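Numbering of the sequence shown is given in the numbering used here, commencing with residue 54 and proceeding in unit increments.
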Amino acid sequence: MLHTESDVVFVKALKVEAVIGVYDWERAITQPLLIDIVLETDISKAAASDDVNYALNYKAVCDDVSAWCQELKAKLLEHLAEHIAHKLLANYACHKVTLSVAKPTAIKSADAVGVQITRYAQTTENKSAEIEPAVSKSNDT
Numbered sequence: 054m055l056h057t058e059s060d061v062v063f064v065k066a067l068k069v070e071a072v073i074g075v076y077d078w079e080r081a082i083t084q085p086l087l088i089d090i091v092l093e094t095d096i097s098k099a100a101a102s103d104d105v106n107y108a109l110n111y112k113a114v115c116d117d118v119s120a121w122c123q124e125l126k127a128k129l130l131e132h133l134a135e136h137i138a139h140k141l142l143a144n145y146a147c148h149k150v151t152l153s154v155a156k157p158t159a160i161k162s163a164d165a166v167g168v169q170i171t172r173y174a175q176t177t178e179n180k181s182a183e184i185e186p187a188v189s190k191s192n193d194t
């Protein structure tokens, strides 16, 4: 079960075939990836209205994530996960993304290996804090 203080839309074990890996032989084939996605978002309008127009479209999320994996042809799972997280935050109405990307065939003695990351949407306040220099609040001069 997911533990969060927000509403979530999730996708569990999305299967994608993509080029991933650093070795020459990995660059010449596709490998299976399993991707778990948790999008923290406000679902109250969709819940209250029963109107799909207010819902986050998880079919579109799956289609986009699959396409991004296949287009990027990343070497590292870390890079792929970061890319997907930023694209989800930019393209969908969510304020937090938790994403795991696993390679189930990478290690014979393991069910899967992979990475998990959490990223947050930047608020206007966060963006301005990055641009503006820190100003001392002290009256001492």
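Using N, Cα and C, we set each Cβ at its ideal position, and we do this for glycine too.
None of the values given here were measured: they were computed from a predicted structure.
Identified DSSP bridge partners for residue i
i	result
Gln169	Ser153
Lys68	Leu87
Contact belief for residue i with residue j at Cβ below 8 angstroms, rounded distance in angstroms
i	j	result
Glu135	Ile88	That belief does not hold up - the Cβ atoms of Glu135 and Ile88 are roughly 13 angstroms apart, past 8 angstroms.
Val61	Val105	The Cβ separation is near 18 angstroms, so there is no contact.
Beta carbon of residue i nearer than 8 angstroms to that of residue j
i	j	result
Val150	Val168	no
Tyr107	Lys98	yes
Val118	Ile137	yes
Pro85	Thr158	yes
Leu67	Cys115	yes
Leu133	Cys122	yes
Val69	Arg80	no
Per-residue burial, residue i [other beta carbons within 10 Å of its own, 16 or more giving buried]
i	result
Glu93	buried
Ile82	exposed
Leu129	exposed
Lys161	exposed
Ala100	exposed
Tyr15	Examination of residue 15 is not possible in this model, given that the chain is present from 54 through 194 alone.
Lys65	exposed
Lys156	buried
Ala210	Since the first residue shown for the chain is 54 and the last is 194, residue 210 is missing from the structure and cannot be characterised.
Reduced DSSP category for residue i - H, G, I as helix; E, B as strand; rest coil
i	result
Glu58	coil
Leu125	helix
Leu130	helix
Leu92	strand
Ala182	For Ala182, the predicted model reports a pLDDT of 44, less than 50, meaning its position is unreliable; a value from the coordinates is still stated below. Reduced to three states, the DSSP call for Ala182 is helix.
Residue i: CB within 7 angstroms of a non-hydrogen atom of the ligand COA
i	result
Asp95	In terms of ligand content, the structure shown is empty, and the ligand COA therefore cannot be addressed.
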